[in-house]
Amino acid sequence: MPCASAKCHGLIALQRRLRFRISECCKFLFDGPFMSVELFRRITPWKAIKMASNTTSMLSTHRLLFAPLAIYLVAGQIIGQVALPVTPVAIAPRFVGWPMYGCNPQHSAQSPYVTQTMNRVLWQTPVDLAPQYSGTLLLTHYGSPLATAGGTLIVTVKTGASSGFQLEGRNIKNGDLIWTQPTGWTAPPHNWFPSMGSCITAWNEVAIPGPGGTVLFRSKLDSPVGTVRTVAFYGTAAYNANPAGFNSSVIINTPIICDSRGNLFFGYLVTGTPPIVGLQSGIARLSVTGVGTYVSASTASGSTTARKIPTNCAPALSLDEASLYVPTTTNATSGSGSGYMLKLNSTTLVQQARILMKDARNTANNAALFDDGTASPLIGPDGDLYYGVLESPFGSNNSRGWLLHYNGALTLTKIPGAFGWDDTPSIVPASAVPSYHGTSAYLIMSKYNNYGGTATGTGLNKIAVLDPSAGFTEPVSGVTCMNEILTVLGPTPDPSFPGGFREWCINSAAIDVTRRSAIVNCEDGICYRWDFVTNTLVEPVVLTAGIGEAYTMTIVGPLGISFAINNATLFALGN
Numbered sequence: 007m008p009c010a011s012a013k014c015h016g017l018i019a020l021q022r023r024l025r026f027r028i029s030e031c032c033k034f035l036f037d038g039p040f041m042s043v044e045l046f047r048r049i050t051p052w053k054a055i056k057m058a059s060n061t062t063s064m065l066s067t068h069r070l071l072f073a074p075l076a077i078y079l080v081a082g083q084i085i086g087q088v089a090l091p092v093t094p095v096a097i098a099p100r101f102v103g104w105p106m107y108g109c110n111p112q113h114s115a116q117s118p119y120v121t122q123t124m125n126r127v128l129w130q131t132p133v134d135l136a137p138q139y140s141g142t143l144l145l146t147h148y149g150s151p152l153a154t155a156g157g158t159l160i161v162t163v164k165t166g167a168s169s170g171f172q173l174e175g176r177n178i179k180n181g182d183l184i185w186t187q188p189t190g191w192t193a194p195p196h197n198w199f200p201s202m203g204s205c206i207t208a209w210n211e212v213a214i215p216g217p218g219g220t221v222l223f224r225s226k227l228d229s230p231v232g233t234v235r236t237v238a239f240y241g242t243a244a245y246n247a248n249p250a251g252f253n254s255s256v257i258i259n260t261p262i263i264c265d266s267r268g269n270l271f272f273g274y275l276v277t278g279t280p281p282i283v284g285l286q287s288g289i290a291r292l293s294v295t296g297v298g299t300y301v302s303a304s305t306a307s308g309s310t311t312a313r314k315i316p317t318n319c320a321p322a323l324s325l326d327e328a329s330l331y332v333p334t335t336t337n338a339t340s341g342s343g344s345g346y347m348l349k350l351n352s353t354t355l356v357q358q359a360r361i362l363m364k365d366a367r368n369t370a371n372n373a374a375l376f377d378d379g380t381a382s383p384l385i386g387p388d389g390d391l392y393y394g395v396l397e398s399p400f401g402s403n404n405s406r407g408w409l410l411h412y413n414g415a416l417t418l419t420k421i422p423g424a425f426g427w428d429d430t431p432s433i434v435p436a437s438a439v440p441s442y443h444g445t446s447a448y449l450i451m452s453k454y455n456n457y458g459g460t461a462t463g464t465g466l467n468k469i470a471v472l473d474p475s476a477g478f479t480e481p482v483s484g485v486t487c488m489n490e491i492l493t494v495l496g497p498t499p500d501p502s503f504p505g506g507f508r509e510w511c512i513n514s515a516a517i518d519v520t521r522r523s524a525i526v527n528c529e530d531g532i533c534y535r536w537d538f539v540t541n542t543l544v545e546p547v548v549l550t551a552g553i554g555e556a557y558t559m560t561i562v563g564p565l566g567i568s569f570a571i572n573n574a575t576l577f578a579l580g581n
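Just so we're on the same page, my numbering is the position in the sequence shown counted from 1, plus 6.
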């Protein structure tokens, strides 16, 4: 994200895992006779593992009896399967690798791996083959890198100036290219260039936004060769009957997320006249068996003014995965709007609750939702919801926006955070911050810029760890906001604003719980570890000379390698 004045212009203008492979069979010998397919469908993953361990010698003999099925075991937990059985088996809600935006469907961004010490760039690769600069700014959002448990990093690459996207599977150790998958996805209407967000499903496929609102599924993510299938949430037969009509009128406009059983959720945008009469922009669910359920934003919210799901906003699931959280906006295509935060039944997409999002200080005004941002709902360990918005009127909080905060039922508005623009915060266990002596079990890590050149902006740009249950009078706004537990100032002076410091360029920062730290990217072109124990920035690694750019995320993959995007390039960081 660029400095304040430029930003305003832009807005307005297995880690030691055991891997059991049940070879290519779903029927196999157990205590002598073949097992029937129907009986196999009723087997739990734990039973399958036990049976596999008792019949290892039989597996190779009967490996051609049925379609591939693999069950992975990590620290005693079932975490994924490959190739769907006819009736998929429910699995525990565990996610390994880094399978989606924010790492899991709650977007907590907590790393499943202990990060390596960062002292060098291990390898790098472009995420944009034709970056489009606005003067000295790069106002392009990039899809989150993904990491498989098997050691493949999946990178989304923009291949043209205004169109063209592909996914690349790369060796996480050295960046060697393993496979490439074209997507056919086209970007929705935009000011800042939007992101294309894929996810790794519970069945170890990658679900990719495709043309016309379709989802492409690629299998065998750690292999050079995999199969690809196409599914449309409104009916694959309908798409196949008129692909050109759908390609010109339906676009997936949010990152795709996945629950622990393989069901997908995403927002879609309808422009022009789609082949399906009455199809309107909204939210879709694609079941693990390929059955689509979808509802328009207006129907889901119960408001005729709701037009779509904000572009770039990844939906979020409740802790039990029974509910889906997603905002709506009154803006039909691209720009600014206002809207509701919705709680929907995650199976039927029927509304369970809604709340109209308001400015935290000017409470009569609706909060502003900009498609130029990438803020997505965050679900806390207690079920509370956090969502970043812009203030109304714009600029009245130094263009910082607010981090709105609700209970999970959306019946109670809680203490907001003082910064929310283009930011999905991360969850920090209270135990990771030794200096904290409050009562909250978890804390919120957020970007905390104060843009120079705005009304009272100082240019003292920070990141912060906040207490979601304790408030203080925030000095810039005068509003009771989440109490500041830790803050750290950007380390590099900002030549465009004397007395200020280069702003933080992080959206959804990876949290290393074990090392009690966050991996944070700055517009000075350096990636740092923010140590919560000492409240210092350590392990700086220079990525580029620095650039004002749309906010980017950090992630952590197997082997503890950290990844950051700066100036259209993905960097792998370690020792």
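All C-beta atoms in this analysis are idealised placements derived from N, C-alpha and C, irrespective of residue type, glycine included.
- By the criterion of a C-beta distance shorter than 6 Å, Val544 is surrounded in its chain by Arg535 and Asp537, once the five residues flanking it on both sides are discounted.
- As computed with DSSP, Gly273 is found in a beta bridge with Ile289.
- One thing to note: Thr335 has its Cβ no nearer than 9 Å to the Cβ of Ser405.
- Between the alpha carbons of Asp134 and Val163 lies a gap of roughly 5 Å.
- In the DSSP assignment, Pro249 falls outside any beta strand (DSSP E) and lies within the alpha helix (DSSP H) extending over Pro249 to Asn253.
- The beta carbons of Thr158 and Ile184 sit about 6 Å from each other, so the pair counts as a contact at 8 Å.
- Residues of the same chain with a CB within less than 8 Å of the CB of Pro200, apart from the 5 flanking positions on each side, are His147, Ala193, Pro194, Asn259, Thr317, Asn318 and Asp377 in chain order.
- The criterion of a C-beta distance shorter than 9 Å is satisfied by Thr575 and Thr550.
- Counting only runs that start and end inside the region 402 to 476, the beta strand (DSSP E) elements of at least 3 residues fall at 408 to 412, 432 to 435 and 448 to 454.
- The beta-bridge partner set that DSSP reports for Ser329 consists of Asn351.
- Two segments are said to touch when three or more pairs of C-beta atoms, one from each, lie closer than 8 Å; by this definition the region 510 to 526 touches the region 549 to 567.
- Here the alpha carbons of Thr189 and Thr277 stand approximately 20 Å from one another.
- Excluding its 5 nearest sequence neighbours in each direction, Ala338 has C-beta neighbours in its own chain below 8 Å: Ser287, Arg313 and Lys314, listed in chain order.
- For the options Leu409, Asn455 and Ser568, the alpha carbon positioned closest to that of Ser150 is the one of Ser568.
- Contact annotation: Thr479 and Val485 have beta-carbon atoms nearer than 9 Å.
- Cys205 places its beta carbon 9 Å or farther from that of Tyr300.
- Secondary structure of Ser342 (DSSP, three-state): strand.
- Per DSSP, the beta bridge partners of Asn489 are Asp473.
- Only residues of its own chain outside the window of five on either side were considered, and among them Gly444 and Asn489 have a CB closer than 6 Å to the CB of Ala476, listed in chain order.
- Cβ contact annotation for Gly552 (same chain, cutoff 7 Å, sequence separation greater than five): Arg508, Glu529, Asp530 and Gly531, in chain order.
- Per DSSP, reduced to three states, the secondary structure at Tyr139 is coil, with no helix or strand assignment.
- Taking Asn372 as reference, the option from Val234, Gly580 and Val395 with the minimal CA-CA separation is Val395.
- Pairing Phe239 with Arg291 gives a Cβ-Cβ distance under 9 Å.
- In the three-state reduction of the DSSP assignment, Gly580 falls in the strand class.
- The distance from the Cβ of Ile433 to that of Gly386 is about 6 Å, consistent with a contact at the 8 Å cut-off.
- Ranked by how close their Cα comes to the Cα of Ile361, the residues Gly298, Ser352, Tyr393 and Gly341 have Tyr393 in first place.
- The Cβ neighbour count for Leu355, taken over all protein chains shown within 10 Å, is at least 16; the residue is labelled buried.
- Shown here, Ser169 sits in coil according to DSSP, grouped into three states, outside any helix or strand.
- For the pair Asn456 and Cys487, the Cα-to-Cα distance works out to about 15 Å.
- For Ser352, same chain residues with a beta-carbon under 8 Å away, outside a window of 5 residues either side, are Asp265, Asn269, Phe271, Arg291, Leu323, Ser324, Glu327, Ala328, Ser329 and Leu330 in chain order.
- Its chain contains Glu545, Gly580 and Asn581 as the residues whose beta carbon lies nearer than 8 Å to that of Thr123, once the 5 sequence neighbours on both sides are disregarded; these appear in chain order.
- When secondary structure is reduced to three states using DSSP, Gly379 falls in the coil class, being assigned neither helix nor strand.
- Between Asp365 and Thr121 the beta-carbon gap is near 37 Å, outside 8 Å, which marks them as no contact.
- By the neighbour-count criterion, in which a residue is buried when 16 or more other Cβ atoms sit within 10 angstroms of its Cβ, Leu410 is buried.
- Nearest C-alpha to Thr154 among Leu227, Pro132 and Glu174: Leu227.
- When the Cα atoms are used, Ser398 and Gly426 turn out to be separated by approximately 13 Å.
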